[in-house]
Amino acid sequence: MAAAFERYHIETKDAVLKIKFPSKFIVKRYNNCLNVQECTQTCIYDVHKRKDDGQVNEPNTDLCRGCHLCTLVCPKNGIVLQINPDFETVGDSYFTPDKMKTISFEAETGRVPVSGTGYKGLFAGKGFDGLWFDFSEIVRPTRDGIHGREYISTSVDLGRKLPYLRFNSTGILHSQIPQTIEIPIPMILDATCPSANRDSLRLAVVKAAHKLKTFAIVKADEYSNGLIAYASNIIPRLPGEQVETFTHLIKISQIIEIEIQNKEKITELLEQIKTHNQNVLVSVHLPYDETSVEQALMLTKSGVDILHFYLSDDICIQDPERIVTSIRMVNTSLVDEGVRDEITFISAGGIAEAAHVPKSIILGADAVSIGRAYHIALGCKTCYGKNHTFDCPLLIEEEESEMVSQRIINLIGSWRDQLLEVLGGMGLRELRRQRGERGRTLFYEELEEKTFGENR
Amino acid sequence: MRQIVQLQLPDIKIAPSKYLNVIKKYEVILDRGKCTGCGKCIVACPEYIGSAPVDYEAFQKPEGLLRIVHPTSFCQGPTCQRCMSVCPTNALSISLNPQYRMLGDVRWTSDMISSTWKQAETGGIPPGYEYRIGRSEGGFDKLRFDFELVDEKQPDTISSKEQTIDTSLILNKSDDGRPKIMIPIPVYGGDMSFGSVSLNVMLARARAAQAWNSFTSTGEGGYPDELIPFKDHVITQVATGHFGVNAETIKRARIIVLKYAQGAKPGLGGHLLADKNTPDVASIRDVVPAISLFSPFPFHNVYSVEDHYRHVQLMKDINPHALISVKVSTPTDVDMVAIGSYYAGAHILQIDGGYGGTGAAPDIAKKNIAMPIEYAIPIVHNYLLNEGVRDNFTVMASGGIRTAYDVAKAIALGADGAVIGTAELIALGCKRCENCERGRGCPSGIATTDQILAHAIDPEWGAQRIINLYRSWKNQLDYILTKLGLESINELRPKNSVKFKQGFFNHLIHLDHRR
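Written out as structure tokens, the structure is:
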């Protein structure tokens, strides 16, 4: 009997890190203050407060929201507002300070970032910044998912699907329907950063995946016994050459992921894996590169269930355009070959804000794997495993794991809500319909050429 | 046959900033060790000449340098340097104020905000500020008029001849017997509801609209009684939430705008956070206070173009003298929407681009959904032209139009005029700190419903600021048209399809495509 319908909901609650994200502004008061209290009366964010003795306190910079008012009303012009240099040095050119601050906010509160005044950034940019979603001016009745009147599904299926069904002459279904696993959000959690090798972190990530009803990837050699309780939400990632070493993981998992150099041997490897667990889905983890297209086609034909392509953080920083072209390339080649629906395509890389999830999907991925972004939510400073060894904020203690787990849940919860905003705006009520929706994507280059180019 | 329209423009009156200090672009730093106290610099400074004894204050900086601060000084920076050149001991240096860098963003740069403030104060443009474009690296910021490239540094000076330039716009271009409403500049005020902005701001905008014989809009938050004296200059908005919309407010208006979507949050409807839904707001909107107010998307009585036709006709039936404006955002099929609205009987199409202002919107929607206005205007213009109805329909562009130059560029791309929201708020003192949406709202008293904060804006002062800004814009439009050798703003709108050739079209140059 089918289980009773349960509306998917992500429970968010405040989760605050010990080390706060640096505030964006700093307010300085010079020593010519006459204590006239103009600033304390003007500031509505309590940055400027009186002390008990009536003197004005040092400004509480963390609360400042950059409205400039105190600097404008001070009769001695003794208050200066600046961007915090600490804030500006956070992150890198891809994970900009503002993006990291947004992730930090989402992880702390689980809310959708809402602000007044219009858009403040560049007109368009490279990569994910160079495309917009189309929206529907007139939509079908009661297409109102955002305010909860109609349910918008964000579920995706992992696994292979048949291009068509085969029946025998008596009308009995002949095809064997392959097994798929439905996850309620198009996001899985990638393996933890190698510089933060600690069981408590992995346990927190896996717990978050469990609560979110999705999957977390754990490298096989880091798969400790403490994680086995959550095996149904873990995708162990094992090197293709050592499958035999990890047969116990294959047996307890729904999905496994392999990394394999010699892709020619994939068919035998699949057979070998299926002898240990008939129902396990096999994902292949491989980088986006020049050979992606042929590898994708070859792996699809050889019977792999999931393609998990990734682009390393370094490449994203050097060439933000790369992730967009890579996803489009793989998707287009699968579509052209007529096998797109037979395989699940998970993309990883370049996911730095909520909008990048639907953007990856509209470019052609089924789901995305989130890596660096959830690390940032936990306080990662984007050193990419280079600088930090002992003071890495990801080296969490056992007792923090609940909070860490909650931060990941908050982040994903906020991103899902924002995904719903996009789907609502586009007039879609199923995420599956958004995949590869080329006609509902507005590309910067194309619009630019159409409007200001030669009008061919 | 061109009718020369002599217009009575409202007077410029100085409306100074209500703050003691300004966010200066440059600051003068004095090396105390070298200063002899001769005072030559003070005399040399054009900002100080003729003023009362200078009340300048200096204070300690960590490096032992002094920062000369005059509360109202508007230092012109490296272009002036008179103080530096007269200093006998080279004790002065000029540097960019670090706080200035913090003001604004790439779309609304610090220069643009400061110059808009200055225009609102004096009706003129301050020297040394880039008031025409921002730094967003695309769209209007990459478009130039051809004369700008020849003569980039030329200041906008107006001779008496240019005053005869016709910038007026007739909003009703159809022949359906409804009034031929004319506005003296091709710009009117955008939709901002009571609730998103304070009543004083609405009154200031309404007064300015009255002085200009132009329009402002109620937004979707109902029609406060205080606006009734200005009813000839207030547009009633009918939006999906129907807050405070009734036959009476529809009958009152000369223009009714049906808001189908808003560029900043297309497809998402409106959202007033509970904090700002005070008892005053709730009473005008006929709702319960202190709950979040959603106006849904879309109109639940409009699911097809036929429904749209009936919707427009319904409004026409309720008010037989009003013009109907349809506000839509910019999907790929915005051309279809435009022609649909035309045949539904609307007089004005307002296309609201993705980068427009808003009281509160999810950040993901502001950037990522629907295309910027720069692309949408040519699509709509070309399509209406091909259908042969372009001259019978008014197309107003909005959403990301910040300056007079943006207005002119939008018109040169195919719009008839522009609808302005954010620029008016900047004139009232907005600093774009983006804290409009929650808590007590705007600390500057603009986008707030807090009764104490709202008093920060005096309607009369605010109206004068907006009047001054538009006078300055009018001058700039006159200047642009003179430079282009045109006599009327209607001549700037392309008569044929928008087709850029090697980056050139209709006096416009796109820097990225220029060959």
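Sequence lines, in order, name chains A and B. Oh and the first sequence: position 335 is 470 in our numbering, straight run, nothing missing. Oh and the second sequence: position 501 is 502 in our numbering, straight run, nothing missing. Heads up, the beta-carbon is just placed ideally off N, CA and C, and yes, glycines get one too.
Using 8 angstroms as the Cβ pair cut-off and three pairs as the minimum, do the segment 425-438 of chain B and the segment 247-254 of chain A touch?
yes
Any non-hydrogen atom of the ligand ATP closer than 6 angstroms to Leu269 of chain B Cβ
Ligands displayed in this structure: none; no statement on the ligand ATP is therefore possible.
In DSSP terms, what Ile450 of chain A is bridged to:
In the DSSP output, where bridge partners are listed per residue, Ile450 of chain A has none listed.
Among B:Gly34, B:Glu488, B:His348 and B:Ala424, nearest to Ile182 of chain B - alpha-carbon criterion:
B:His348
Sort A:Leu338, A:Val215 and A:Ala502 by Cα distance to Asp119 of chain A and report the nearest one.
Residue 119 of chain A lies beyond the stretch modelled for chain A, which goes from 136 to 591, so this question has no answer here.
Express the C-alpha separation of Tyr27 of chain B and Pro89 of chain B in angstroms, rounding to a whole number.
21 angstroms
State the Cα-Cα distance for the pair Leu97 of chain B and Gly422 of chain B, rounded to the nearest angstrom.
30 angstroms
In whole angstroms, what separates the C-alpha of Lys62 of chain B from that of Gly34 of chain B?
Low per-residue confidence applies at Lys62 of chain B: pLDDT is 38, beneath 50, and the placement is therefore not dependable, though the value from the model is reported in the following sentence. Each residue's Cα considered, the two are about 13 angstroms apart.
Segment contact flag, the segment 449-469 of chain B with the segment 188-207 of chain B, C-beta cutoff 8 angstroms, min 3 pairs:
yes
Report yes or no: do the segment 137-156 of chain A and the segment 172-179 of chain A share at least 3 C-beta pairs separated by less than 8 angstroms?
no
What would DSSP say about Met433 of chain A, mapped onto helix, strand or coil?
helix
Please identify the residue among A:Ile214, A:Pro220, A:Asp227 and A:Tyr143 whose C-alpha is closest to the C-alpha of Ile452 of chain A.
A:Asp227
Val459 of chain A touches chain B at which residues, Cβ-Cβ below 9 angstroms?
Within chain B, no residue comes near Val459 of chain A; the closest Cβ sits about 14 angstroms away, beyond 9 angstroms.
For the alpha helix (DSSP H) containing Leu294 of chain B, name the first residue and the last one.
First-last for Leu294 of chain B: Leu294 to Ser296, but that is the beta strand (DSSP E), not the alpha helix (DSSP H).
Tell me, which residues are paired with Ala483 of chain A by DSSP?
A:Tyr445 and A:Ser504
Taking a cut of 7 angstroms between CB atoms, which residues from the segment 201-212 of chain A lie near chain B?
Gly201, Cys202, His203, Leu204, Thr206, Leu207, Val208, Cys209, Pro210, Lys211 and Asn212
Tell me, please, whether the segment 509-520 of chain A touches the segment 259-266 of chain A by the rule of three or more beta-carbon pairs shorter than 8 angstroms.
no
Hey, Val329 of chain B and Ile380 of chain B: beta-carbon distance below 7 angstroms or not?
no
Given Val246 of chain B, which residues of its chain have a CB within under 6 angstroms of its CB, disregarding the five upstream and five downstream residues?
Val239
At a Cβ cut of 7 angstroms, what residues of the segment 245-258 of chain A count as close to chain B, listed as they run along the chain?
Val247, Pro248, Val249, Ser250, Gly251, Thr252, Gly253, Tyr254, Lys255, Gly256, Leu257 and Phe258
Tell me the DSSP bridge mates of Ser399 of chain B?
B:Asp353
Extract the residue ranges of the beta strand (DSSP E) inside the segment 129-193 of chain B, only unbroken runs of 3 or more that lie entirely within it.
144-146 and 188-190
Through-space distance from Ile171 of chain B to Val282 of chain B, alpha-carbon basis
34 angstroms
Selected residue, minimal CA-CA separation from Ile340 of chain B, among B:Lys317, B:Ala323 and B:Val396:
B:Val396
Here's the rule: buried if 16 or more other CB atoms are within 10 angstroms of the residue's CB, otherwise exposed. What is Tyr579 of chain A?
buried
Using three-state DSSP, classify Gly418 of chain B as helix, strand or coil.
strand
Could you tell me how far apart the beta carbons of Thr349 of chain A and Ile323 of chain A are, in whole angstroms, since I believe they sit closer than 8 angstroms?
5 angstroms
Nearest-angstrom Cα separation, counted from Gly358 of chain B out to Leu269 of chain B:
15 angstroms
For the structure I just gave you, are there three or more beta carbon pairs, one from the segment 107-127 of chain B and one from the segment 7-18 of chain B, closer than 8 angstroms?
yes
Quick one: which unbroken alpha helix (DSSP H) runs of 4-plus residues sit fully inside the segment 242-286 of chain B? Chain order, please.
248-253 and 280-286
If you count every other CB in all the chains shown that lies within 10 Å of the CB of Pro321 of chain B, and 16 or more means buried, which is it?
exposed
Under a CB-based cut-off of 7 angstroms, is Asp353 of chain B close to chain A?
no
Look at the alpha carbon of Arg337 of chain A and the alpha carbon of Ala487 of chain A, and state the distance between them as a whole number of angstroms.
21 angstroms
Between the C-alpha atoms of Gly213 of chain A and Asn192 of chain A, what's the straight-line distance to the nearest angstrom?
14 angstroms
Quick one: grab the DSSP three-state call for Lys354 of chain A.
strand
Bridge partners - Pro422 of chain A, DSSP secondary structure assignment
A:Tyr445
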